[in-house]
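Below is one structure, written out as structure tokens, with a few remarks after it.
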Amino acid sequence: MRTLYTWLCISTTVLAAASGDVLVALAMRRIGDLGDLRRSHGFAAVIIRLLSSWVLFGSVFFMTIAFFSNLVGLSWADLSLIGPASAALTFIANAIAAKWFLNENVDHRRWLATIFVCCGVLLLTRS
Amino acid sequence: MTFRKYLVIFSIALFGSVGDAFLARGMKDAGSIDIHHVTHLWSILANPFVIVGIFSLLIFMYCYMTALSFADLSYVLPATALGYVNMVLLSIFWLHEHVSTRRWTGVAFIVIGVGLVAGGPSRTEHPCPSMSESAAVEERA
């Protein structure tokens with residue numbers, strides 16, 4: 026039962042983190058370069074623009090779910106399982122979501138990079 | 235990509251890994267959380283390690299949003315995997331841990347992945363709809 030709960034937590038973390046990442050990327054695409062905005066209008070303008078984005082609030086909602094799901098998962102299983110499993114699966118889920126929902130050009134180079142990073146994370150944390 | 239933009243991506247890797255390490259340390263103090271007592275999570279938020287972890291993750295979040303404002307999600311995520319390499323370097327030089335060949339292989343994989351993605355363009359250029367419409371009108375004419 027504990028294993029089932031652990032994988033339920035990992036799945037929730039991955040789906041919520043990918044949803045949050047896609048929404049924050051969408052919000053930032055709409056807002057524009059934060060560095061340019063800060064230089065031209067000041068830090069207060071950056072905060073106001075961020076707080077006026079409903080998409081960003083949606084992303085915070087999903088990231089909060091991912092955060093608490095990760096915390097609960099860490100209390101049930103070791104970091105050596107939760108860390109690599111959720112990190113590697115989130116990398117893949119994000120690459121798929123970036124291509125489908127954000128229309129990003131996820132070419133062979135980026136897929137290869139994602140796969141290399143996933144393998145690296147698994148090797149690092151499962152040894 | 236300017237030096238400032240690379241610095242933002244490096245900050246994501248740094249504060250993300252530090253935040254995760256502090257959170258993991260705090261959760262070990264808290265022990266197991268029973269599914270029937272999930273409200274116990276609120277008391278964990280008073281743990282100093284969890285507080286430092288959350289503070290680091292807030293800085294991480296600001297840098298992350300800044301990076302996503304000038305680069306693609308599928309570029310930023312693999313690039314920030316350098317955080318895992320940071321953790322290995324911390325464990326060697328700060329905690330004096332032994333790092334196995336398998337872990338070094340993992341580091342090599344991540345560095346190759348980061349190198350691959352960093353060598354490509356950071357942003358997908360979407361064609362402007364108004365431009366394509368005017369081009370279509372010109373073509374018809």
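As they're listed, the protein sequences go chains A and B.
Using my numbering, the first residue of the first sequence is number 26, and each one after it goes up by one.
Using my numbering, the first residue of the second sequence is number 235, and each one after it goes up by one.
All C-beta atoms, glycine included, are put in the ideal place defined by N, C-alpha and C.
* Asked: In whole angstroms, what separates the C-alpha of THR236(B) from that of ALA301(B)?
  -> The alpha-carbon of THR236(B) is positioned some 12 angstroms away from that of ALA301(B).
* Asked: Roughly how many whole angstroms lie between the Cα atoms of ASN320(B) and ILE344(B)?
  -> When rounded, the distance between both Cα atoms is 11 angstroms.
* Below 9 angstroms between beta carbons is the criterion; list the residues of the stretch 294–326 of chain B that meet it against any residue of chain A, in chain order. => The residues in question are MET295, TYR296, TYR298, MET299, THR300, ALA301, LEU302, SER303, PHE304, ASP306, LEU307, SER308, TYR309, VAL310, LEU311, PRO312, ALA313, ALA315, TYR318, VAL319, MET321 and VAL322.
* Asked: Any Cβ of chain B within less than 9 angstroms of the Cβ of LEU40(A)?
  -> Chain B has no Cβ within less than 9 angstroms of the Cβ of LEU40(A).
* Please determine, among ARG134(A), LEU104(A) and LEU106(A), the residue with the shortest C-alpha to C-alpha distance to SER308(B). => Nearest C-alpha to SER308(B): ARG134(A).
* Asked: Can you tell which of LEU275(B), HIS330(B), ALA352(B) and VAL348(B) has the C-alpha that lies nearest to the C-alpha of SER100(A)?
  -> Nearest to SER100(A) by C-alpha distance, out of LEU275(B), HIS330(B), ALA352(B) and VAL348(B), is LEU275(B).
* **Simplified DSSP assignment, three categories, for MET261(B)** => The answer is helix: DSSP assigns MET261(B) an H, G or I state.
* To do: Kindly provide the ranges of any alpha helix (DSSP H) runs that are 4 or more residues long and lie completely inside the stretch 290–336 of chain B, ordered along the chain.
  => The stretch 290–336 of chain B contains these whole alpha helix (DSSP H) runs: 307–313 and 316–327.
* Close Cβ partners of LEU257(B) (< 7 angstroms) along its chain, the five nearest in sequence each way excluded -> These residues qualify, in order along the chain: VAL284 and GLY287.
* To do: Work out the CA separation of VAL49(A) and SER111(A) for me, nearest whole Å.
  => C-alpha separation (whole angstroms): 19 angstroms.
* Asked: Ordered along the chain, which non-local residues of its own chain (more than five positions away) have a Cβ less than 6 angstroms from that of SER325(B)?
  -> Around SER325(B), the same chain offers GLU331 as residues with beta carbons nearer than 6 angstroms, after the five sequence neighbours per side are excluded.
* Asked: Do the stretch 50–62 of chain A and the stretch 71–87 of chain A meet, that is, are 3 or more Cβ pairs less than 8 angstroms apart?
  -> Short answer: they touch.
* Assign THR115(A) to buried or exposed, taking buried as 16 or more other Cβ atoms, counted over all protein chains shown, within 10 Å of its Cβ. => With 16 or more Cβ atoms within 10 Å of its Cβ, THR115(A) is classed as buried.
* Ends of the alpha helix (DSSP H) at ASN95(A)? -> Its alpha helix (DSSP H) spans residues 79–101.
* Asked: Name the chain A residues whose beta carbon is nearer than 7 angstroms to that of THR339(B)?
  -> THR339(B) reaches chain A at LEU148, counting residues in chain order whose Cβ is nearer than 7 angstroms.
* Asked: Between the beta-carbon of PHE82(A) and the beta-carbon of ALA42(A), is there less than 9 angstroms?
  -> Not a contact, by the Cβ cut-off of 9 angstroms.
* Along chain B, which residues have their Cβ under 7 angstroms away from the Cβ of ARG64(A)? -> Below the 7 angstroms Cβ cutoff, chain B contributes no neighbours of ARG64(A), its closest Cβ being approximately 10 angstroms away.
* To do: Could you check the C-alpha separation between ASN128(A) and ALA138(A) for me, to the nearest Å?
  => Approximately 18 angstroms between the Cα atoms of the pair.
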